[in-house]
Amino acid sequence: MYPDNRQQVKRWRTGRTGWLLGWLTLAVFVAGCGANGNAAAPGGASASASAAGSGGSVTLVIGAYSVAKDALQEILPAFRAEWKAKTGQDVKFQESYEASGTQARAIAGGFEADVAVLSMEGDIDKVKQAGLIRGDWKAGDDGGMVTRSIVVMGTRPGNPLGIREFDDLAKPGVKVLYPNPQTSGGAQWDINAIYGAGLKEAEEREGKKDEAAAKAFLASVHRNVESMDKSGRASMAAFEYGVGDVIVTYENELLARIAQGVKYDVVTPSRTILIENPAAVVDVNADKHGVREAADAFVAYLHGEKAQTIFAEHGFRPVKADVAAKYAADFPQPKELFDIGYLGGWDEVRQKLYSDRGVWYQVLAGQ
Amino acid sequence: MTNMLQSRWWSWGFRSAVMLYFAVLIVLPILGIYGQSLSDGWSALLGNLTEPLAWKAVLLTFKLALIATAVNALIGTLAGWVLIRYRFPGRQLLNSMVDLPFALPTAVVGLMIMLLLGPRSAVGQWADSMGFTILFHEPAIVVAMVFVTFPFVIRAVQPLLEEMDASEEEAAYTMGASKARTFFRVILPSMMPGIVSGSMLAFSRALAEFGAVVLVAGNIPGRTLVASVYIFGQIESDNPAGAAAVSVLLLTFSFVILWLVSYVQARRTGR
Numbered sequence: 514m515y516p517d518n519r520q521q522v523k524r525w526r527t528g529r530t531g532w533l534l535g536w537l538t539l540a541v542f543v544a545g546c547g548a549n550g551n552a553a554a555p556g557g558a559s560a561s562a563s564a565a566g567s568g569g570s571v572t573l574v575i576g577a578y579s580v581a582k583d584a585l586q587e588i589l590p591a592f593r594a595e596w597k598a599k600t601g602q603d604v605k606f607q608e609s610y611e612a613s614g615t616q617a618r619a620i621a622g623g624f625e626a627d628v629a630v631l632s633m634e635g636d637i638d639k640v641k642q643a644g645l646i647r648g649d650w651k652a653g654d655d656g657g658m659v660t661r662s663i664v665v666m667g668t669r670p671g672n673p674l675g676i677r678e679f680d681d682l683a684k685p686g687v688k689v690l691y692p693n694p695q696t697s698g699g700a701q702w703d704i705n706a707i708y709g710a711g712l713k714e715a716e717e718r719e720g721k722k723d724e725a726a727a728k729a730f731l732a733s734v735h736r737n738v739e740s741m742d743k744s745g746r747a748s749m750a751a752f753e754y755g756v757g758d759v760i761v762t763y764e765n766e767l768l769a770r771i772a773q774g775v776k777y778d779v780v781t782p783s784r785t786i787l788i789e790n791p792a793a794v795v796d797v798n799a800d801k802h803g804v805r806e807a808a809d810a811f812v813a814y815l816h817g818e819k820a821q822t823i824f825a826e827h828g829f830r831p832v833k834a835d836v837a838a839k840y841a842a843d844f845p846q847p848k849e850l851f852d853i854g855y856l857g858g859w860d861e862v863r864q865k866l867y868s869d870r871g872v873w874y875q876v877l878a879g880q
Numbered sequence: 179m180t181n182m183l184q185s186r187w188w189s190w191g192f193r194s195a196v197m198l199y200f201a202v203l204i205v206l207p208i209l210g211i212y213g214q215s216l217s218d219g220w221s222a223l224l225g226n227l228t229e230p231l232a233w234k235a236v237l238l239t240f241k242l243a244l245i246a247t248a249v250n251a252l253i254g255t256l257a258g259w260v261l262i263r264y265r266f267p268g269r270q271l272l273n274s275m276v277d278l279p280f281a282l283p284t285a286v287v288g289l290m291i292m293l294l295l296g297p298r299s300a301v302g303q304w305a306d307s308m309g310f311t312i313l314f315h316e317p318a319i320v321v322a323m324v325f326v327t328f329p330f331v332i333r334a335v336q337p338l339l340e341e342m343d344a345s346e347e348e349a350a351y352t353m354g355a356s357k358a359r360t361f362f363r364v365i366l367p368s369m370m371p372g373i374v375s376g377s378m379l380a381f382s383r384a385l386a387e388f389g390a391v392v393l394v395a396g397n398i399p400g401r402t403l404v405a406s407v408y409i410f411g412q413i414e415s416d417n418p419a420g421a422a423a424v425s426v427l428l429l430t431f432s433f434v435i436l437w438l439v440s441y442v443q444a445r446r447t448g449r
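Protein chains in written order, with our numbering: chain A, 514 to 880; chain B, 179 to 449.
The following block contains the structure:
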């Protein structure tokens with residue numbers, strides 16, 4: 514494109530530099546591939562070699578969703594200490610944090626995580642469908658769920674627009690932010706909450722679950738949406754840059770940001786959805802790496818009191834009743850909290866709301 | 179004789195290495211996308227393309243990329259002209275800064291636009307008082323596209339200006355042509371191939387821009403969702419065929435553009 518290049522080519526042609534450079538690039542490329550192939554192995558290899566004897570060390574690969582990062586990074590050392598005291602083994606962690614859906618796809622696609630901590634049931638199911646989880650992971654403690662939260666609204670300090678319920682989002686001039694449920698699986702909770710709140714309201718008014726009314730409600734809120742970001746975090750970043758009046762997101766996300774000193778008012782609507790986040794051992798990988806014991810123990814540990822307390826301190830609602838009781842004051846109980854079962858369970862929600870021509874699509878396309 | 183053989187081996191080995199590299203890194207993935215788009219058959223491809231949200235995204239992308247390209251064609255030509263024809267302190271520095279948009283991760287560009295043009299910034303407040311919003315609306319997308327495609331036109335025009343024979347210009351003046359006439363009849367035509375090919379590259383790059391745009395566009399389907407973000411959404415919601423269909427549309431279009439560029443250039447250099 515540039516004449517400079519042509520001159521360079523000429524210069525190269527006379528010397529051997531270009532030729533050498535070409536092969537060098539290829540060699541590096543090939544070596545890089547080889548190294549990459551190996552890189553995946555050591556975790557597994559060293560772990561299986563050492564897991565046989567007690568003492569030594571064991572490496573757990575954790576594939577988690579990004580929101581859980583701060584809490585997990587406190588939980589991991591605590592588990593390491595406990596496991597060391599119990600078995601004499603050193604646990605090393607390889608951690609990866611991604612958006613939940615991306616993480617699920619990565620694990621299903623060959624990222625060899627031993628434990629998956631994801632934001633929703635459907636994402637663990639993706640891993641299960643890839644044949645990596647054998648048993649019924651929901652049969653475990655607390656139905657396989659390690660944390661809870663609810664969908665709330667965050668407003669500017671002092672709540673200048675007087676937002677109380679999801680209905681208020683549909684008022685003219687209110688600028689709303691929520692992430693895109695297509696790019697952020699976790700955002701489906703937000704949409705479910707608004708849709709479900711519409712359904713509840715219709716039920717109170719008309720005595721039956723009127724899906725058309727719920728859809729119309731969702732559409733009326735969507736009309737006020739200013740931006741649908743890639744992820745919940747991106748939405749919060751936009752909000753903090755001054756965009757929008759209200760952000761619809763998880764309670765734990767807002768509490769974590771408030772703990773970091775960012776100013777939000779948390780508005781808990783009276784009708785909203787209960788979020789449950791699962792964690793499961795990825796059987797195939799854990800067995801392959803020979804770390805099943807540690808992996809099982811780690812997931813059990815997440816349900817234990819210590820981990821639950823750490824989760825609670827990071828703004829998650831604990832699943833364990835006794836820990837939840839201790840933190841009850843921090844987490845106001847919405848009057849009409851419903852769970853995914855109210856909407857018919859995840860399978861039906863995926864089918865009805867997020868399928869090809871589902872309710873969400875119709876709302877977007879304005880049908 | 180041995181010498182001959184050696185050099186023939188050389189050229190054969192070198193050529194096949196390059197071909198292999200090209201095939202593995204460029205051709206295969208692209209063919210893969212075409213294959214993927216047809217994985218559910220022709221009617222599914224057609225269905226994915228006639229999807230209103232998809233073509234609205236594609237149309238919006240085309241429209242905004244065109245605007246961004248027009249801006250760059252104008253400003254880029256002017257900038258190239260200034261950097262070549264004028265001597266002023268800081269010229270070298272400016273000249274080396276032209277390529278920075280290529281070096282900067284596009285997500286950083288997005289973040290910067292968010293900071294500088296957001297509602298809290300001076301520009302954002304000014305736009306607000308004028309009654310329009312930049313961030314999360316079309317203007318922000320155009321700004322992002324202009325930024326990341328900035329170097330193309332400049333870098334395509336500069337060498338042409340440098341190569342230009344000063345005597346042509348002088349001849350025009352000698353024959354009594356005015357400054358404007360000289361510019362439009364002599365200088366502009368010789369810059370034209372650069373402007374055109376630079377613009378086309380800029381246009382196809384703008385079509386595909388993702389990192390910066392995803393941060394500053396509102397990404398609302400049918401309103402502010404561009405094609406690349408639409409594709410990302412389809413991948414994330416496990417619809418690779420839908421993603422591939424729109425990719426194929428963009429790819430085919432970009433291929434045509436790039437082919438046109440090399441055609442224009444071939445004609446210019448007489449090869």
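For every residue, glycine included, the Cβ atom is placed at its ideal position computed from N, Cα and C.
So residue i and residue j are in contact, right, with Cβ under 8 angstroms, and what is the actual spacing, rounded?
i       : j       : result
L237(B) : L877(A) : At roughly 16 angstroms, the Cβ-Cβ gap does not stay under 8 angstroms, so L237(B) and L877(A) are not in contact.
W873(A) : I707(A) : The pair is not a contact, with the Cβ atoms about 11 angstroms apart (cut-off 8 angstroms).
R677(A) : I788(A) : The Cβ separation is near 20 angstroms, so there is no contact.
D636(A) : A619(A) : Contact flag wrong, Cβ pair sits at about 11 angstroms.
G400(B) : K234(B) : 5 angstroms
D742(A) : N397(B) : 7 angstroms
Q846(A) : V836(A) : Going by Cβ atoms, the distance from Q846(A) to V836(A) rounds to 16 angstroms, so no, they are not a contact pair.
S613(A) : R746(A) : The Cβ separation is near 12 angstroms, so there is no contact.
V391(B) : A305(B) : In fact, because the Cβ distance is near 18 angstroms, the residues do not count as touching under 8 angstroms.
Compare the beta carbon distance of residue i and residue j with 8 angstroms and say whether it is the shorter of the two.
i       : j       : result
I332(B) : A257(B) : yes
T327(B) : A384(B) : yes
G699(A) : A769(A) : no
P329(B) : F280(B) : yes
M308(B) : V394(B) : no
D654(A) : H816(A) : yes
G755(A) : F730(A) : no
K651(A) : F851(A) : no
P791(A) : E634(A) : yes
Y867(A) : P694(A) : yes
Y855(A) : G709(A) : yes
List the DSSP bridge partners of residue i.
i       : result
R830(A) : R661(A)
K605(A) : T572(A)
N250(B) : Answer by DSSP bridge pairing: none, since N250(B) is not bridged.
D778(A) : T668(A)
S740(A) : L690(A)
D790(A) : In the sequence on display, residue 790(A) carries Asn and not Asp. According to DSSP, which records beta bridges pairwise, N790(A) is partnered with T660(A).
Y264(B) : Answer is none; Y264(B) lacks a bridge partner.
V759(A) : T668(A), V689(A)
F851(A) : I786(A)
A577(A) : Y610(A), V630(A)
With a threshold of 7 angstroms (Cβ to nearest heavy atom), would residue i be considered close to the ligand ZN?
i       : result
L198(B) : With respect to the ligand ZN, the structure offers nothing, as it holds no ligand at all.
Name the chain A residues that come within less than 8 angstroms of residue i, Cβ to Cβ?
i       : result
F314(B) : E739, S740, A751, V756
L438(B) : The contacting residues do not exist; L438(B) stays about 14 angstroms from chain A at best.
So which residues on chain A does residue i lean against when the C-beta distance must stay under 7 angstroms?
i       : result
N397(B) : N693, S740, M741, D742
F410(B) : T696
P297(B) : G755, V756
V392(B) : K743
Please compile the residues from chain B whose C-beta is within a distance smaller than 7 angstroms of the C-beta of residue i.
i       : result
L877(A) : L231, P399, G400
Just to make sure I have the definition right: I need the residues of chain E whose C-beta is within less than 7 angstroms of the C-beta of residue i. Which are they?
i       : result
G614(A) : Among the protein chains of the structure shown, namely A and B, there is no chain E.
Closer than 9 angstroms by beta-carbon distance: list the chain A residues that pair up with residue i, in chain order.
i       : result
M177(B) : Since the first residue shown for chain B is 179 and the last is 449, residue 177(B) is missing from the structure and cannot be characterised.
Can you confirm whether the region 758-766 of chain A touches the region 665-679 of chain A when touching is taken to mean that 3 or more C-beta pairs between the two stretches lie within less than 8 angstroms? When Cβ pairs closer than 8 angstroms are counted between the two stretches, the region 665-679 of chain A is seen to touch the region 758-766 of chain A, the count reaching three or more.
Say whether the region 386-404 of chain B touches the region 340-357 of chain B, bearing in mind that this needs 3 or more beta-carbon pairs closer than 8 angstroms, one atom from each stretch. no
Taking contact to mean 3 or more Cβ pairs, one atom from each stretch, closer than 8 angstroms, check whether the region 680-700 of chain A and the region 734-741 of chain A are in contact. The region 680-700 of chain A makes contact with the region 734-741 of chain A; the number of CB pairs closer than 8 angstroms reaches 3 or more.
Quick one: any contact between the region 716-730 of chain A and the region 297-304 of chain B, if contact means 3 or more CB pairs under 8 angstroms? no
Just checking, does the region 712-720 of chain A make contact with the region 795-805 of chain A on the three C-beta pairs under 8 angstroms criterion? By the C-beta criterion, the region 712-720 of chain A is judged not to be in contact with the region 795-805 of chain A, since fewer than 3 inter-stretch pairs fall below 8 angstroms.
Does the contact criterion of 3 or more C-beta pairs under 8 angstroms hold for the region 828-848 of chain A versus the region 644-663 of chain A? yes
Should the region 807-815 of chain A be called in touch with the region 581-597 of chain A, which here means at least 3 C-beta pairs below 8 angstroms? yes
Assess contact between the region 424-439 of chain B and the region 366-383 of chain B, defined as three or more Cβ pairs (one per stretch) separated by less than 8 angstroms. Is contact present? yes
Is there contact between the region 280-295 of chain B and the region 208-221 of chain B, where contact requires at least three CB pairs shorter than 8 angstroms? no
Is it true that the region 355-375 of chain B meets the region 264-277 of chain B, where meeting means three or more beta-carbon pairs spaced less than 8 angstroms apart? No, because fewer than three Cβ pairs between the region 355-375 of chain B and the region 264-277 of chain B fall closer than 8 angstroms, the two stretches do not touch.
Specify whether the region 407-423 of chain B and the region 213-222 of chain B touch according to this definition: at least 3 beta carbon pairs, one from each stretch, less than 8 angstroms apart. These segments touch.
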